[in-house]
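Asks: According to this note's numbering, the sequence shown is numbered sequentially starting from 16.
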Amino acid sequence: MDWLSWFDAPEYELARQVLQRGVAALYFVAFLSTLNQFPALLGERGLLPVPEFLAGFSRLRRPTLFRWRYSDGLLRTVCAAGLVVSALLVAGIPQLGPPWVPLLAFLALWLLYMSIVNVGQTFYGFGWEMLLLEAGFTVGFLGSNQTDPPRTILILIVWLVFRLEFGAGMIKIRGGREWRDLTALYYHHETQPMPGPLSRQAHLLPRPLHRIEVVGNHFAQLVVPFFLFAPQPVAGVAAGVVIVTQLWLVASGNFAWLNWIAIVLAFSAVSDPVAHAVVPAIPADWHAGTDRETPPWWLAVTLAATVLL
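1) Can at least three beta-carbon pairs, one atom from the region 266–276 and one from the region 309–318, be found at a separation below 8 Å?
2) Express the C-alpha separation of Gly-155 and Ile-131 in angstroms, rounding to a whole number.
3) Taking the C-alpha atoms as reference points, what is the distance between Ser-286 and Asp-163?
4) Apart from the five residues just before and just after Tyr-197, which ones in its own chain have a Cβ nearer than 7 Å to its Cβ?
5) Whose C-alpha, out of Val-100, Thr-49, His-203, Gly-158, is nearest the C-alpha of Thr-317?
6) If we require 4 or more residues per run, which alpha helix (DSSP H) segments fall completely within the region 37–112?
7) For Phe-244, which beta-bridge partners are listed by DSSP?
8) In the DSSP assignment, find the unbroken alpha helix (DSSP H) run with Phe-177 in it and report its ends.
9) Considering just the uninterrupted stretch of the alpha helix (DSSP H) at Trp-301, what are its terminal residues?
10) Counting contacts by CB-CB distance shorter than 8 Å, is Ile-278 in contact with chain D?
11) Which one of Arg-84, Phe-152, Gly-88 has the shortest CA to CA distance from Leu-122?
12) Which whole-angstrom value is the C-beta distance of Phe-22 and Arg-166, which I expect to be below 8 Å?
13) Are the Cβ atoms of Ala-95 and Pro-109 separated by less than 8 Å?
14) When the Cβ atoms of the region 206–219 are set against those of the region 235–243, are three or more pairs found closer than 8 Å?
15) Following the continuous alpha helix (DSSP H) through Val-252, name the residue where it begins and the one where it ends.
16) When DSSP builds the beta bridges, which residues end up paired with Asp-23?
17) Please look up how many angstroms separate the CB atoms of Pro-117 and Leu-127, rounded, as I've assumed it's under 8 Å.
18) Based on DSSP bridge pairs, tell me the residues matched to Phe-270.
19) Please name the residue, chosen from Val-259, Trp-143, Tyr-139, Glu-59, that lies closest to Leu-41 on a Cα-to-Cα basis.
20) If you compare alpha carbons, which of Gly-255, Val-93, Arg-60 is closest to Trp-125?
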C-alpha cells in the first residue's frame with residue numbers, strides 16, 4: 016500500500032549512518048573509560064566497592080549482569096565485549112546484514128553498559144550516562160543497510176534532541192538569575208568543573224561578547240529546538256545550529272561525551288539533500304540505485320518500538 020511508504024525515510028541515510036556509528040563510537044569510549052577507571056573507583060578494592068553495594072540490597076530492582084556476582088575479572092569481560100561490539104558497529108559490519116543484526120548489537124551494548132551504570136553509584140550518576148543508554152537503545156531500531164531508515168524512529172530521536180536542548184535551556188532560565196540577566200558567562204568558563212585547553216581564552220573574551228554568547232545559547236536551546244520538527248530544509252538548518260553550538264561548548268569546556276552525543280543525535284534532523292547543500296561531496300540521493308524494501312515484520316517491530324518508547 017502506498018501509505019505505508021510514509022514510514023520509510025530513504026532521504027535520511029546519512030543520518031542513520033552518523034547516528035549508528037556515532038553512538039557506537041561513544042559506547043566504545045564509555046567502555047574504554049570504564050575498563051581503565053572502574054576497578055579503582057568501584058572494584059573489589061575500590062573506593063565504593065560494588066560487592067558491598069550489592070550486599071546492601073535484599074532485592075536489587077535495577078537490572079545488572081552483576082546482580083549475583085561481581086568481580087573485576089567479570090567487569091573486564093563485560094568491557095571487552097562492549098568494545099568489540101561497538102567497534103564492529105563503528106565499522107558498519109552488523110549493518111550489512113538484516114535489520115535484526117544491528118538491533119541485537121545495540122541491545123547488547125545497552126544491556127552491558129546498563130549493568131555498569133546500575134552499580135556505578137555516585138560515579139555513574141551523571142545525566143549523560145542515561146542519555147547514552149536511551150540513545151543506544153533507540154538507534155538500534157534504525158535497521159540495517161537492507162532497509163530504509165524508519166521515519167518514526169527518526170522522529171523519536173529528534174524528540175530526544177528536543178528534550179535535551181530545551182530542557183537544558185529551561186534549567187538555565189529557572190536555575191539562576193545570572194542566566195536571566197546575561198552575566199552567567201562572566202564566570203562560567205573560569206569556574207566550570209572540567210575546563211578545556213581553550214577555556215581560559217574563552218573566559219578572557221570581552222564581557223559584551225559573553226552577554227551575546229548567553230543570548231545565543233538561549234536562542235539555540237529555547238527557540239531552535241522547535242524547528243527540528245519543521246519540514247526540510249528548516250529542520251536541517253535547526254540541527255546545524257545545534258551542532259555548531261555544541262561544537263563551541265566542546266571548544267570552550269569539557270562535559271565528557273554530553274556535547275558529542277548531542278551533535279550525533281542532531282543529525283536525525285539532517286536529510287541527505289540538506290547535507291549535500293552544505294557538503295557537496297555527500298550524495299543528495301544516497302539511496303539511489305538501491306532496491307530496498309521494508310519487510311512487514313520489521314515495520315511492525317519499529318512501530319511497536321515507537322509506541323512503547
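Backbone N, C-alpha and C define an ideal beta-carbon position, used for all residues, glycine too.
Replies: Let me lay it out:
1) No: the two stretches stay apart, fewer than three of their Cβ pairs being nearer than 8 Å.
2) 19 Å
3) Taking the straight line from one Cα to the other gives about 13 Å.
4) Here residue 197 is Leu; the residue named in the question, Tyr, does not match the sequence. The residues are Arg-226, Val-229, Val-230.
5) Gly-158
6) 65–70, 87–106
7) BP columns for Phe-244 are empty, so no partner.
8) Here the alpha helix (DSSP H) through Phe-177 covers 166–190.
9) That residue, Trp-301, is in no alpha helix (DSSP H); it is neither H nor E in DSSP.
10) No chain D is present in this structure, which holds just one protein chain.
11) Phe-152
12) So it is a contact: roughly 5 Å between Cβ atoms.
13) Not closer than 8 Å, so no.
14) no
15) 249–267
16) Pro-165
17) Actually they do not touch by this definition, with Cβ atoms about 15 Å apart.
18) Trp-272
19) Trp-143
20) Val-93
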